[in-house]
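So the protein lines, in turn, are chains A and B. For the first sequence, the tail end lands on 1063 under my numbering, and the numbers increase by one without skipping. For the second sequence, the tail end lands on 1657 under my numbering, and the numbers increase by one without skipping.
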Amino acid sequence: MMTKTYRKVCLGAMMLSAWTAMPALVAAAEPAAPAKMEQQDDKIKGNVSDADGGLIGASVKIKDTNVGTMTDMDGNFSIAAKRGDVLVISFMGYTTQEIKVTGAPIKVLMVDDEVTLSEVVVTALGIKREKKALGYNVTEIDGVDLQKAKETNVVNSLAGKVAGLVVQNTAGGPSGSTHVQLRGTTEMTGNNQPLYVIDGVPLDNTNFGGGASASGGYDLGDGISAINPDDIETMSVLKGPAASALYGSRASHGVILITTKKASEDKFSVEYNGSLTFDTQAANWDNVQQIYGQGDHGKYITSGRNATNMSWGPKADNYSHYYEFDKQNHPYSIVPNNASGFFRTGLTAQNTAIISASSGKTGMRFSFTDMRNKDILPNSNMNRDNFNLRVNTSLGKVDLDFTANYTHEGVDNRPALANATTNVGKNLMTLATTFDQAWLKHYQNEDGTYADWNGLQIYNVNPYWDLYKNANESSKNVFRFAAKAIYNINKHVKVQGTIGTDINNMDFMEYIAYSSPQEQKGKMTTQKYNNRTLNAEILAMYNNSWGDFDLNATGGGSIYRVDNKTSIALGKDEVYRDLKSIGNYNQQSAYENMYNKQINSLYGSASLGYKHTYYVDATVRGDKSSTLPSGNNIYVYPSVSGSWIFTELLNGKMRKYLNFGKLRASWAEVGSDTDPFLLQQYYTNARFAYSGYNIAYINSDLVPNPELKPTRTRSFEVGTELKLLNNRLSIDLTYYNQTSRDQIIRLANSTASSYRESLVNAGKIRNEGIELAINGRALQIKDFAWDLGFNFSKNWNKVLELVDGMDYFEIESAPWMGVSVGAEVGKNFGSIKGRDFKRNEQGQILVNDAGMPMYEDKAKTIGNASWDWTGGFYSTFSYKNWRLSMGFDVKVGADVFSMTMSDACYTGKDMRTLEGREEWYASEAERIQAGMTEDQWRAAGKCRGYVVDGIVASTGEKNTYAIDPQSYWDDVRQNAASMFVYDNSYVKCREITLTYAFPSKWLGNNKFIKSLDLSFVARNPFMIWKNIPNIDPDSNYSSTGMGLEYGSLPSRRSYGLNVNLKF
Amino acid sequence: MYNIYSKCRNAALVLGLGMAGMLTGCSDSYMEDLNTDDSKTIVTEPAHQLTFALLSTYGSFASMEAVRAYVAPYTQMYGGSWNAANAGGANLYKDDVSKSLWNVHYQNGIKNLVDAEYNCKDDKALLGAIRLHKAYLFNILTDVYGDVPVSEAGKANLEGNITPKYDKQEDIYNYLFTEIDASIDLFRQDLNSRTLKKADVTSMGGDVKVWIRYANALKMRLAMRISDVAPDMAKEKFLEAMQNEGALEPEENAYVKYIHAPFTFESSNTDVDFRVNAFAEIIYGQDKSQPTGFGMTLYDYLGAENDPRQHCYCRFINDNFRDNTDPLVGREDFTDEVLAATASGQKGVQMVPACWAWYDQGNTPGGANFSWPNADCVTKSDHYKEFISGREDEEVADYYYKTVRGSVATEYVLPETPGMLVSGAEVCFLKAEAAVKGWISENANTLYQRGIDVAIGIVHNKLYALTNPVSETDIATYVAAHTLSADAEKAKEQINTQAYFLHFANPLEAWANLRRSDYPALYERTQFGQGQNGYHDLENNMDQPVRLYYPQEEINYNRDNYLEVVDQRMGGFSWHKRLWWDVKDQNYKTYTQN
């Protein structure tokens, strides 16, 4: 009930904001009706104008008071003020002015706020450029927006903030990775994630362990998840290849540039930023029937396969039954919200201390962050300590900048995903309606062995056993070092050298205890990742201007090198109980995997501006990649872009309404390489010994390709940026079209060729779309301001061609359900394929003579996992020292095949399974009473139950044959995947922050405390709308597993407090 | 100050120069070296790949999914598990399961044998074994799926063919004979091979002469397989196999040796651990509700023949623990008690047809319910007494029921259970049938009786190491009681019924021989309805299928070739359409409740 009201209120607020935004903006455009002011003697009159005449609606306020007014349509105002008062005159887009009241009429000439119009953004190679000069779209996010309502993985905070940037949480929980995509999928079988560059050094964003697949696994997090939000100054999103042409191969899916904070200009400052949030379950199982209990075909059963996970028993009574596993009697009654009881209230505490000192040209900033997370999953915890030191100094003409970062992250009991036997989500979700999850706290016998509660079913392991007896642990140590030296040769020329390394060491251990149903003798796996990335770059920069011309040019080169090694050890057949060491196993095996790669690059760019109105940019880059064969390993790609500030040509009157306008266009090509070691075939020997014999086999399921060429992506983009209504409204609109060809695809083969996939250059995929961002100040009344922003993007992601004779290939699948997700020619990327009912021409389901639906024998397209459109909006209210902001994330139109829902139907938990149940059970009871066989009973016309809505194939008549609903659902689940495809759309509130900045007078006069902000924060506080029952729509189990969901744990909602204190 | 500045400048210069050097200095060979995986090898010995391929014949758990779910229940020798009952037993098509045999053999054995054949240069006997075993694996696939890719299969890397065409089964059999002949030829040129010895994990131990006899035995099997569809050719090939070295002697068996290592279950393919017999493993089952039970049809035949193997194969066992190293742990054998109870007129032995799961608890054709087994034979055990305390009635009944249904004897579910290729006993039966056909002049009855004798005495007593072997006297009595009828059709039935018993541990051959010979008659599938879960055939035909579905993905990844088979040659796919060599329908009989 609570939640419902809450949701309504928030929905109301949202609707209100949406509906009122437009009129408010319109009102701002219309000349405001002059405020009727009482004529008083001490009225001070005045006029506010800019170069083109009177300014309408400028704010005039007496400093340090709440007294204020606005200018009328001619720019005039009058205000009751005393001589000596200071008037603060402000208007968005203009520099705020302060004028002392002398008694004489005041004339104020406002000047353009250059900061607003000459916004500087960080672009490729870390070069700061005037935003107006760019021929492509760059979106910046202020670090401040990431630091209050914190996420354990900072990229999650970007959800809904940038048009065209899709953030998809996986089911991996707080310690997992997040899948980020800019402008859709460009590479069919690649990871499609953007490149992260931190202060000029590309980040190693390896997803350890490659994430989970349908058959299970863990999400071990990635590189970006360990970045501390408190160190971020800005994040700059470069979309599409034009923006990122200079970063080369690795940037073909866009770039996110992160600029970290330097020492502040204060001589010495200390800052504390702390937050404490409580985390709870955000999606509930709310579609569960509450009538029938554990059992099968209407009968009560407590043992045997699946019995404890089947809710097909009789109606729940309160009768007590004996359960062998804990030797207790338990009542047979419905347990409401059964799965919810399993989760605890989580807690996340993040404490950051920052010391910043500067002296002369030298600055030093040190930050330490301790993050502790107690997940909602019992016994699952994470901690992360982040040390960051940044020193910058200048020695004559040389500027130096050093960063050292150390992160330690430890995680206990990450959730296992998808069909893993240890996935607690999957095990909880099907638990019978009358089987209280709390009973499972008795997970072991007295001797420490597994308490068999369901016939040692391997796919339904006791979740408490998974979390308390089995274990997984990971420990990650990340070192990042970067040094940058800039030699300013003269006013026009400088040379910059950057070197950075990323050392990422991770240990992961998974322990399956002795007597676990899936590995009775116990098993242990350790994975040791030693990853090292090195980047070195030298860049010369030149800028000059002659008359109306400006020129910027750069030239440079870089080396990128990766050396990763993974050592895996496997132990089976445990000797001593609970001793978690590989040596403690009778069967041992060890092997290694490597990943080595180098790219050498040379690049240059030139940008020419004319009259600050016309700009042309050109870049060229050449890469030489070790992953491609000699002869094809050097690839060069260019880009050109231009922009035109057309408002420079407008006359004064027009510019009053259209303050700034730019048209931009760009064209680029980007080349891309692939993973190492794919050019020749390798053999390996078997992992376990067969004494006296050697066993070897071909290592890969992928046909190598010694003639591989680089992938090419060509893109075209046009856009406009507008600032209207005295800069109160800004609009950014982009159309883009990018086509990737010669894709390096892991093309699925006929398995009769003996290889699952072959590596080919083939296929064409086109991403075409529009992005729109509108930001504005809807209202400003005295101290009250309401800012609104909205972004929208629509991407058409069409698969144009694969190879001859192939029109579909699979990217990911849930084989046991006969469902796959893949690329289909002519469709959006992400077709979901599965089987459907057999239907007649009218679309009615055909039914056989036994009352069962009939099915197609081949899979067909039953959904699409691409979003139709995505977007977000935010709303910020500020009043004096208060600030309330809310951010929302909208995703619409993608489908997901939910194995969770399919299981809910199969196990009789779903509400739909009630239909026909009462009738069938009653009919069966009467039949047995009457001593008749089923055939006799039917012949007597007495059989009742579930009747499939369809047409009998043999007669063409409407089906009337009653069947057992359990048989129906079991059969449907096996054969009609189409039944479990859901629209995955949602609107989520991502964050709410309410901040109060304590006025300085409250903080005492000693200025010991410079500022104190206190915020109430909430992340993912509520879901406004979703279509899929029970689970969170953000429930993909892996980054590649789009369109598939299984056994997802609920997502987390968190709320709490944030304190920011500066000394 | 200047000093530092100049140093920095110098450093920048050095860095710059160094970098320029790197850019131009990274030669292609440097890049190629870097792009070589040092944790793997680019060369191997074909012998090592042969070892791998031999082990993968029975060693892959994944490939056995299709055997457990379809092949084994179609022989009606196995049943009662969830998988056997609800897939093959209920005519439910599951793509991932039915394609598993196809995927595993193409991607493991055939893949490596094709590659090894290409790389095997001088070792003639080794090459012979590689080609022969490749033929063996292709034979498995064609007998299960019909027309399958053979001539172009496995060549994605060598020839770049990722869409192999489907050869007609007739052509495949021609090819198989060619390969067998070629391998015999190679063997003869290299009789003292040492490399084959190093690779050979079969009972033949690298003895090239035995390999020749095994090749001839396989040739006889294939010849008999086509005896109805191409009788002349069949006879010709059969007689060729009789020549020179001839086939395996009655006491000679060719089988893959597996070792006593832990069961791998699902991880066999990911861990590439094919050292244990995965058919034994899958029949044992991953969890205790999973074991595949003993099929009613086989049990009834063994009973009707008074076969001493009946309760060697079939035991009454309550299995309370899964031990993936030692299947003996936790198995409580009630066979004597159950049999005594049955003999004394109690309701003891309960067998389930292949299409029923044990928990269907006695639903039988016609819909009447069995009464709960009155198995007080079970109640004597200590385990039972411990078990029943506080239990629900259903659970106690369950315990009875699980005990009195037939289980596969422990000797057949051990990790080291041999994986039979061809046995000497089979050769006897093949020759006996050839004699009945008049192809050869030897005495059919002598061959038949010799076959029975070694099938029990050697194959099952010794090879599968029965803990209670059938005594020599019992064998002699049984053999004496089995003389071949003078009627050719009756003789065919007798011979193939014995072959059916013999192939107990090799359901792939059992099913192929059942479809070829149509004997012994199986229980007619349709009388068992759709099973408790109401599963039904996609084609609305509850007859027992006679082949498996092709992998679904073939229509996407190998479209033209797939459509050619399915649309052109088959006129639409149906798993009720017989294979090329399967000219007649299986004989079926009606089940009557006793």
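Built from N, CA and C at the ideal position, the CB exists for glycine as well. No experiment lies behind these values; they were computed from the predicted model shown.
{"Check": "Sufficient close CB pairs (3 or more, under 8 Å) joining the segment 312-325 of chain A to the segment 345-357 of chain A", "Outcome": "no"}
{"Check": "Proximity test, Cβ basis, 8 Å: residue 439/A and chain B", "Outcome": "no"}
{"Check": "Same chain only: Cβ atoms within 6 Å of residue 1060/A, ignoring 5 sequence neighbours per side", "Outcome": "273, 1013"}
{"Check": "Where the beta strand (DSSP E) through residue 1394/B begins and ends", "Outcome": "1394-1396"}
{"Check": "Nearest neighbour of residue 521/A, chosen from 484/A, 571/A, 553/A [CA to CA]", "Outcome": "571/A"}
{"Check": "Short Cβ contact (8 Å threshold) for residue 753/A with residue 869/A", "Outcome": "no"}
{"Check": "N- and C-terminal bounds of the alpha helix (DSSP H) containing residue 818/A", "Outcome": "Premise fails: residue 818/A is in no alpha helix (DSSP H) and is neither H nor E."}
{"Check": "Residue 1043/A vs residue 809/A beta-carbon contact at 8 Å", "Outcome": "no"}
{"Check": "Interface flag, residue 572/A vs chain B, CB-CB below 8 Å", "Outcome": "yes"}
{"Check": "Close-in-space but distant-in-sequence residues of the same chain around residue 674/A (CB under 6 Å, 5 per side omitted)", "Outcome": "627, 744"}
{"Check": "Where residue 1599/B sits in the DSSP three-state scheme", "Outcome": "coil"}
{"Check": "Contacting positions in the segment 790-816 of chain A - beta carbon closer than 8 Å to chain B", "Outcome": "805, 806, 807, 808, 809, 810, 815, 816"}
{"Check": "Burial state of residue 583/A, where buried means 16 or more other Cβ atoms lie within 10 Å", "Outcome": "exposed"}
{"Check": "Given 8 Å, three or more beta-carbon pairs between the segment 986-1003 of chain A and the segment 1011-1029 of chain A", "Outcome": "yes"}
{"Check": "Option nearest residue 55/A by Cα separation, candidates 74/A, 46/A, 43/A", "Outcome": "74/A"}
{"Check": "First through last residue of the alpha helix (DSSP H) which encompasses residue 1491/B", "Outcome": "1487-1500"}
{"Check": "Spatial distance of residue 1318/B from residue 1479/B (CA atoms)", "Outcome": "12 Å"}
{"Check": "Residue 1300/B, DSSP secondary structure in three states", "Outcome": "helix"}
{"Check": "Beta-carbon proximity list for residue 721/A, same chain, < 6 Å, skipping 5 on both sides", "Outcome": "662, 732"}
{"Check": "Nearest neighbour of residue 223/A, chosen from 982/A, 246/A, 1048/A, 406/A [CA to CA]", "Outcome": "406/A"}
{"Check": "Outcome for residue 949/A when other beta-carbon atoms lying within 10 angstroms are tallied against a minimum of 16", "Outcome": "exposed"}
{"Check": "Closer than 8 Å to chain A by CB, residue 1349/B", "Outcome": "yes"}
{"Check": "Residues bridged to residue 350/A [DSSP beta-bridge criterion]", "Outcome": "275/A, 371/A"}
{"Check": "Inter-residue Cα distance where the pair is residue 280/A and residue 1023/A", "Outcome": "13 Å"}
{"Check": "Closer than 8 Å to chain A by CB, residue 1640/B", "Outcome": "no"}
{"Check": "Reference residue 342/A; option with closest CA among 351/A, 813/A, 1057/A, 380/A", "Outcome": "380/A"}
{"Check": "Neighbourhood of residue 1219/B by C-beta distance below 8 Å, restricted to the same chain and skipping five residues each side", "Outcome": "1225"}
{"Check": "CB contact below 8 Å: residue 854/A versus chain B", "Outcome": "yes"}
{"Check": "CB contact check: residue 1653/B to chain A, cutoff 8 Å", "Outcome": "no"}
{"Check": "Closer than 8 Å to chain A by CB, residue 1590/B", "Outcome": "no"}
{"Check": "According to DSSP, residues forming a beta bridge with residue 1114/A", "Outcome": "The requested residue 1114/A is not part of the displayed model; chain A covers only 1 to 1063."}
{"Check": "Cutoff 8 Å: residue 1599/B Cβ touching any chain A Cβ", "Outcome": "yes"}
{"Check": "Rounded separation between residue 1052/A and residue 837/A - CA only", "Outcome": "37 Å"}
{"Check": "Alpha-carbon to alpha-carbon, residue 954/A and residue 1631/B", "Outcome": "27 Å"}
{"Check": "Range of the contiguous alpha helix (DSSP H) that encloses residue 1558/B", "Outcome": "1551-1565"}
{"Check": "Coarse secondary structure for residue 23/A, derived from DSSP in three states", "Outcome": "Any reading at residue 23/A is ruled out, since the residue's pLDDT is 39, under 50, leaving its predicted position unreliable."}
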